[in-house]
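Chemist:
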Amino acid sequence: MALPPYVGPLGRTWHYGFRVACGLIFLFLIAPILVIIPLSFNAQPYFTFTHDMLALKASAFSLRWYQDIVGNPQWLHSIKNSFIVGTSATALATSLGTVAALGLSRSHMPYRSAVMGLLISPMIVPVIITAAAMFFFYSGIGLAQTYLGLILAHTALGTPFVVITVTATLVGFDHSLTRAAAMLGATPTRTFFKVTMPLILPGVISGALFAFVTSFDEVVVVIFLAGFEQRTIPRQMWAGIREQISPTILAVATLLIGFSIILMTALELLRRRNERLRGIHP
Amino acid sequence: MKHTLKGSAFAVLGAGLLGLATTPAAAESLTVVSWGGAYTNSQIQAYHKPFEKKFGIKINSDDYNGGLAETRAQVEAGNVTWDVVDLELSDIVRGCDEGILERIDPSILPPAPDGTPASKDFLPGAIQECGVGTIVWSTIYAYDKTKFPGNKPSTLRDFFDTKNFPGKRGLRKGTKVNLEWAVMADGVPADKVYAVLGTPEGVDRAFKVLDRIKDDVLWWEAGAQPPQMLADGEVAMTSAYNGRIFNAQVKEKKPFVVVWDGQVWDLDLWGIPKGTKHLKAALEFVKFSTDTQRLADQAKYISYGPVRKSSFPLVSNYTGTNIDMKPYMPTAPQNFKTALRNDFEFWADNQDALNERFSAWLAR
Amino acid sequence: MAELTADTTLITTADGQPLKLKLRQSTRINRIKAFALVVPLLVFILVTFAFPLADMLTRSVRDPTVAKLLPRTTEALKAWDGTGQPPDSVYLAIAEEMVARREDRTIGKVAGRLNYEITGARSLVQKTGRKLARREDLSNAREILTKIDRRWADPLLWRAIRRLSRPFTLAFYVSALDYTYNAAGKIVAQPEDRRIYIPLFLRTLWVSLSITGFCLLLGYPISYLMATLPLRTSNLLMIMVLLPFWTSLLVRTTAWVVLLQRQGVINDLLVWFGIIGDNERLQMIYNMTGTIIAMTHILLPFMVLPLFSVMKGISPSYVRAARSLGASPARAFWRVYFPQTVPGIGAGSLLVFILAIGYYITPALVGGRTGQLISNMIAYHMQKSLNWGLASALGGLLLVGVLALYWLYNRIVGINNMKLG
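Protein chains in written order, with this note's numbering: chain R, 38 to 319; chain Z, 580 to 943; chain L, 2 to 422.
1) Is Z/Glu813 close to chain R? Criterion is C-beta to C-beta, closer than 9 Å.
2) If we count the other Cβ atoms within 10 Å of its Cβ and call it buried at 16 or more, is L/Trp273 buried or exposed?
3) With H, G and I counted as helix, E and B as strand and the rest as coil, what does DSSP make of R/Gln273?
4) Taking buried to mean at least 16 other C-beta atoms within 10 Å of its own C-beta, is Z/Ile687 buried or exposed?
5) Please check if any C-beta of chain L sits within less than 9 Å of the C-beta of Z/Thr602.
6) Please list the partners that R/Arg143 has in chain L, where partner means a Cβ-to-Cβ separation under 8 Å.
7) Counting contacts by CB-CB distance shorter than 9 Å, is Z/Asp641 in contact with chain R?
8) I need the DSSP call for R/Gly179, collapsed to helix, strand or coil.
9) So, are the CB atoms of R/Arg268 and R/Asn118 less than 9 Å apart?
10) Pick helix, strand or coil for L/Tyr479, following the three-state DSSP scheme.
11) Would you check if there are 3 or more beta carbon pairs closer than 8 Å linking the stretch 912-922 of chain Z to the stretch 769-781 of chain Z?
12) Helix, strand or coil for L/Ser140 per DSSP?
13) Restricting to runs no shorter than 4 residues, where is the alpha helix (DSSP H) found entirely within the stretch 720-802 of chain Z?
14) Which residues in chain R sit within 7 Å of Z/Thr610, going by Cβ to Cβ distance?
15) Between Z/Lys726 and the rest of its own chain, which residues show a CB-CB distance below 6 Å, the 5 nearest in sequence each way excluded?
16) Name the two residues that bound the continuous beta strand (DSSP E) containing Z/Leu666.
17) Does the separation of the CB atoms of L/Ala112 and L/Gly85 fall below 9 Å?
18) For a quick check, are the C-beta atoms of Z/Tyr897 and Z/Met908 less than 9 Å apart?
19) Over what stretch of residues does the beta strand (DSSP E) that includes Z/Asp641 continue unbroken?
20) Could you give the distance in angstroms between the alpha-carbon of L/Thr66 and the alpha-carbon of L/Thr75?
21) Considering only their Cβ atoms, is the gap separating R/Phe265 from Z/Asp641 smaller than 9 Å?
22) At what residues does the alpha helix (DSSP H) containing L/Trp389 begin and finish?
23) Of all the residues that make up the stretch 59-70 of chain L, which are near chain R by a beta-carbon distance shorter than 8 Å?
24) Tell me which residue opens and which closes the beta strand (DSSP E) that R/Phe229 is part of.
25) Does any C-beta atom of chain R lie closer than 9 Å to the C-beta of Z/Asn826?
26) Return the residue from the list Z/Ala861, Z/Leu809, Z/Asn821, Z/Ser608 that minimises the CA-CA distance to Z/Pro906.
27) Does the beta carbon of L/Tyr287 sit closer than 9 Å to a beta carbon anywhere in chain Z?
28) Work out the CA separation of Z/Lys833 and Z/Gly746 for me, nearest whole Å.
29) Are at least three pairs of beta-carbons, each pair with one atom in the stretch 218-227 of chain L and one in the stretch 195-206 of chain L, less than 8 Å apart?
30) Among all the DSSP beta bridges, which residues are the ones paired with L/Ala190?
31) May I have the straight-line CA-CA distance separating R/Gly222 from R/Lys231, to the nearest angstrom?
32) Mapping DSSP to helix, strand and coil, what is R/Ile260?
33) With a threshold of 16 other CB atoms inside 10 Å of the CB of Z/Lys856, please say whether the residue is buried or exposed.
34) Identify the contact partners of L/Tyr407 in chain R, using a Cβ-Cβ distance below 7 Å as the criterion.
35) Compute the Euclidean distance between the alpha carbons of L/Trp408 and L/Gly402, then round it to the nearest angstrom.
36) With Z/Ser818 as the anchor, note down where its alpha helix (DSSP H) starts and where it stops.
Dropping the structure here:
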């Protein structure tokens with residue numbers, strides 16, 4: 038953006054200085070993540086750049102930590118668990134959340150604020166309290182250290198995201214469409230699947246993505262609630278950071294960063310699709 | 580696009596449920612819990628692998644950092660997934676008192692090869708009502724010799740002397756060993772340590788000594804951390820389990836030196852949480868892993884002493900090398916001169932109150 | 002001109018019912034339908050989330066261990082008035098019950114529970130139980146017990162046991178607020194050097210405030226930049242905000258460990274540039290600094306996203322109008338632009354603050370000794386000291402604080418207005 042010619046030297050300094058400052062802040066945001074990636078290729082078992090790495094010698098880099106992951110049954114088991122728990126929790130959270138969001142967005146919904154508050158609360162309550170409370174309660178009913186217990190817990194943590202995104206999508210929803218469908222003789226379920234669902238699908242899917250990432254990344258509840266068999270990737274990383282301290286963690290971290298990038302791209306594509314559908318152009 | 584989205588949503592849902600359905604049903608397997616890192620590795624080599632070969636029962640190794648918390652939580656919740664746990668002596672005694680460990684009948688333990696019954700072959704205190712001993716281990720402190728080119732630390736007092744030996748210190752987070760060391764560094768002889776710590780003035784004295792280095796201490800919890808902290812240069816000296824430093828010295832060739840002055844030694848034992856679903860297999864494991872040869876074998880991988888007298892002569896070299904293990908053992912005469920035996924009765928009684936005091940001290 | 006007459010006939014619907022009635026009926030049906038859609042999730046959240054929280058809060062005031070394991074002693078103690086020594090019935094009851102508990106191996110639980118509040122109770126109960134088990138006749142319980150140990154004659158011990166035998170107890174909240182029962186059974190403040198929790202709560206509040214402040218300081222400029230740049234550029238810049246947001250928390254925390262260590266990247270850079278000597282490396286981790294830096298980084302996206310969405314909605318014509326009326330750029334900013342962003346600041350700050358006070362992972366990994374927050378203490382009591390009552394009490398206090406802030410957030414911003422980008 039070119040500066041207008043009437044801006045004086047003070048204005049110029051301010052303008053460019055501001056941009057430099059912003060640049061530094063963006064660096065602050067992104068640098069930690071970028072640092073991990075080259076370090077995961079470190080041939081030495083250190084957490085810092087060795088001299089050979091800085092000199093860009095090929096021998097200083099290696100894939101040994103990635104090979105470590107593949108060769109380690111504990112990591113493979115954790116990866117499998119993360120996906121099992123993640124997809125199950127997401128499926129459950131999305132279904133429950135979408136249906137609830139439909140109810141919440143209706144104008145006749147009684148006690149809307151209070152109910153909304155209660156449904157959003159798992160996102161707000163500090164996760165350590167949630168984890169402790171769930172540990173006590175689920176142990177009492179025999180769900181601790183089981184897959185089902187963990188899935189239920191993660192579902193509870195994921196539904197607020199689905200509810201928020203779907204209600205936000207429904208805000209701009211044109212209810213006359215459903216009324217028109219009813220007028221033309223469609224039953225409520227048919228209306229839902231044929232009219233409502235396609236239009237709110239982007240919101241549902243972005244809510245599902247949030248819920249999935251919440252479960253995939255969740256570690257505190259897993260620490261308390263999961264047994265050895267149900268270890269997920271974050272739980273394994275937690276053990277690794279505190280005890281085993283090997284750069285395999287960095288390799289897993291890089292893979293997770295790659296995974297996040299994929300999810301983010303998916304979300305961005307959805308957003309663009311949403312805008313196209315609604316006729317908004319950048 | 581719409582169909583692919585819906586289709587993919589259903590595919591994901593299906594995959595999730597399918598994954599759930601195929602969660603593995605367990606063939607007989609045993610979960611053995613220990614302290615991780617090099618120590619667990621020595622157990623895997625000496626106990627787990629031969630056991631799996633002989634009995635065909637798979638062993639899952641889990642790690643923890645000591646204490647009865649997880650065991651107690653599992654027993655109270657009625658959902659015990661840990662079958663055998665490697666516990667410190669004070670935890671074995673406490674766990675037994677609280678009824679969260681199974682009683683182990685000592686008559687199942689095999690005698691020594693020369694016929695000596697197990698009760699005489701094991702060191703005194705290594706057979707408990709709810710536990711069978713495996714190793715003698717010790718808390719020592721170690722330093723990186725390249726960080727002290729001139730005067731080198733050699734006594735316990737030097738650990739608390741940040742003026743002549745500057746640098747950060749590493750200590751195990753908690754009261755065990757730290758309080759004993761504090762009063763010993765203050766001049767209390769080994770045989771009076773617990774008597775002194777039993778009095779409020781003694782405890783105050785210990786905390787005053789710890790105050791001297793408080794700002795320089797990095798607190799570790801996992802056994803693998805001290806050698807890592809030394810290697811990273813995060814600390815100049817740190818307390819550690821002696822076997823972990825041995826592993827760093829011999830296997831990773833690090834320039835660490837162990838100071839044995841004031842070492843606090845203790846026993847580790849196998850305990851079986853009450854209500855485990857694999858009691859028979861757990862007892863087999865305990866029986867197998869504590870026979871003479873097995874205990875001598877684990878001493879090939881890490882410098883912890885076996886608790887059976889008949890195992891001593893079988894202790895030889897570090898696996899695959901010519902390095903004799905005997906000088907690295909806590910019980911070697913040259914290391915044992917100022918050793919203090921950890922008083923488990925004292926800790927069973929006073930742990931709670933002292934831990935509370937320690938938490939308060941740490942938080943300020 | 003037509004006559005205006007009040008039409009007094011009732012308006013009816015097609016099936017002859019009064020309109021008002023029918024309207025009320027159909028509104029009610031609609032409300033039930035709407036609510037019915039919400040019911041599945043509501044029930045689910047109640048069962049999997051709300052009930053556990055209620056259970057935890059119950060634990061913070063209930064501990065029936067002693068009442069359950071020493072029922073007759075508890076009963077007998079109720080009849081005692083608290084002065085002098087308790088009656089013989091109490092001594093007999095506790096003697097017989099200690100023997101019984103020894104037999105079913107639960108005496109350790111009683112010993113442990115008493116030991117939480119009465120130091121030395123564990124060994125006392127164990128020793129007494131062992132010695133009593135050898136006796137046949139316990140009828141002279143008072144003498145027997147006092148001979149085994151003098152403490153059994155002390156009314157202070159009995160008062161403490163009586164207090165512990167009550168199933169409902171305030172003891173956990175008393176400890177959580179840094180008070181204690183003195184020997185006489187009255188609630189007094191802990192001595193200065195024994196106070197842990199209130200200072201920790203204060204530290205948590207203060208750290209969270211600092212983090213919120215830093216997030217605001219760092220987040221405001223970049224939100225402003227992104228809001229005023231054309232959409233293409235700002236989308237690209239947004240990626241740099243969203244990528245950390247979507248990256249796993251543990252990955253980000255590990256990244257900071259790598260960066261901030263003594264032998265880490267930042268120290269290496271500083272030494273390489275000659276800014277500090279090799280043995281003057283900064284201790285930026287395992288202390289409060291590490292906690293603040295890492296948590297600021299992690300919570301920054303939560304400040305940027307609400308701010309950005311508010312700023313995007315501010316029309317640039319306001320500032321242009323102000324400039325055209327003669328305001329300097331600074332004045333235009335402070336008097337015209339900034340007030341319009343206040344809702345975004347409020348939303349972002351409250352969100353960051355609420356998240357910061359409950360944080361556990363980051364302080365646990367990079368906080369060392371001085372960077373621990375209240376949630377780390379709760380975890381300690383959950384996993385190490387196993388004082389679940391105290392963990393629940395601390396959790397209860399934290400929960401009340403967060404809910405109060407949440408209510409505030411709802412009043413100021415409105416939950417319905419929560420946007421996630």
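Don't be surprised by glycine CBs; every beta carbon is placed ideally from N, CA and C.
None of these values were measured; they are calculated from a predicted model.
Modeler: So, from the data block:
1) Contact of Z/Glu813 with chain R is not assigned, every C-beta pair being separated by 9 Å or more.
2) Counting of Cβ neighbours within 10 angstroms places L/Trp273 among the exposed residues, the total staying below 16.
3) It is helical.
4) Z/Ile687 should be labelled exposed.
5) Caution applies to Z/Thr602, whose pLDDT of 43 falls short of 50 and renders its modelled position unreliable; the model cannot decide the point.
6) Proximity of chain L to R/Arg143 at the Cβ level (cut-off 8 Å) is accounted for by Asn31, Lys34, Ala35, Leu38, in chain order.
7) Taking Cβ atoms only, chain R reaches closer than 9 Å to Z/Asp641, which makes this a yes.
8) In the structure shown, R/Gly179 sits in coil (DSSP, three-state: anything other than H, G, I, E or B).
9) Yes. Within cutoff.
10) Summary: the structure shown does not reach residue 479 of chain L, with chain L confined to residues 2 through 422, and so no result is reported for it.
11) They touch, by the three-pair rule.
12) Looking at L/Ser140 - three-state DSSP - the assignment turns out to be coil, as it is neither helix nor strand.
13) As far as the stretch 720-802 of chain Z is concerned, its whole alpha helix (DSSP H) runs of at least 4 residues are 735-738, 757-764, 772-776, 779-792.
14) Within chain R, the residues near Z/Thr610 are Phe265.
15) Closer than 6 Å at Cβ, skipping near neighbours: Ala815.
16) Unbroken beta strand (DSSP E) run through Z/Leu666: 663-667.
17) The answer is no: Cβ separation not under 9 Å.
18) In this structure, Z/Tyr897 lies away from Z/Met908, with their beta-carbon atoms at least 9 Å apart.
19) For Z/Asp641, the enclosing beta strand (DSSP E) starts and ends at 637-642.
20) Here the C-alpha atom of L/Thr66 lies approximately 11 Å from the C-alpha atom of L/Thr75.
21) Yes. Within cutoff.
22) Where L/Trp389 is concerned, the enclosing alpha helix (DSSP H) stretches over 389-413.
23) Here the close residues are Arg60.
24) Counting along the chain, R/Phe229 falls outside any beta strand (DSSP E), and DSSP gives it neither H nor E.
25) Between Z/Asn826 and chain R, the shortest Cβ-Cβ separation is not below 9 Å.
26) Of Z/Ala861, Z/Leu809, Z/Asn821, Z/Ser608, the residue nearest in Cα terms is Z/Asn821.
27) At least one CB of chain Z lies nearer than 9 Å to the CB of L/Tyr287.
28) Between the alpha carbons of Z/Gly746 and Z/Lys833 lies a gap of roughly 19 Å.
29) A contact between stretches requires three or more CB pairs, one per stretch, nearer than 8 Å, and the stretch 218-227 of chain L fails this requirement with the stretch 195-206 of chain L.
30) Partner(s): L/Tyr180.
31) When the Cα atoms are used, R/Gly222 and R/Lys231 turn out to be separated by approximately 13 Å.
32) Looking at R/Ile260 - three-state DSSP - the assignment turns out to be helix.
33) When all chains shown are included, Z/Lys856 counts as exposed.
34) What L/Tyr407 touches in chain R, judged by beta-carbon distance under 7 Å, is Ile161, going in chain order.
35) CA-to-CA, the gap between L/Trp408 and L/Gly402 works out to about 10 Å.
36) In this chain, Z/Ser818 is not harboured by any alpha helix (DSSP H); it is covered by the beta strand (DSSP E) spanning 816-820.
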